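Read the structure below first, then the notes.
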């Protein structure tokens, strides 16, 4: 396991880290390791684009018709009655 020292951390940052560690039932050192681990866990993975994420969410809904493009048209209120 690698080790390194972080110097010149502000006292208020250290105090907040200690409080956060207490809330999670961890030591300060364990909490900092978890923060660092989470900070880099998605590095190198391609980012999913918003449109692709939305399409994946609704892929199994069963929409069979193309939706009309709304870009450039006038704003319309939705018709919830019919």
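Residue numbers (the working numbering): 748 to 829. From the three backbone atoms N, C-alpha and C, an ideal C-beta is built for every residue, glycine too. Note that the coordinates shown come from a computational prediction; the quantities given were computed from them, not determined experimentally.
Classification of residue i by the beta-carbon crowding that lies within 10 angstroms, buried from 16 upward
{"i": "residue 778", "result": "buried"}
C-beta contact flag for residue i and residue j at 9 Å
{"i": "residue 786", "j": "residue 771", "result": "no"}
{"i": "residue 803", "j": "residue 795", "result": "yes"}
Option nearest residue i by Cα separation, candidates the options
{"i": "residue 750", "options": "776, 757 and 816", "result": "776"}
Runs of alpha helix (DSSP H) lying entirely within the region 773 to 797, each at least 4 residues, in chain order: 775 to 787
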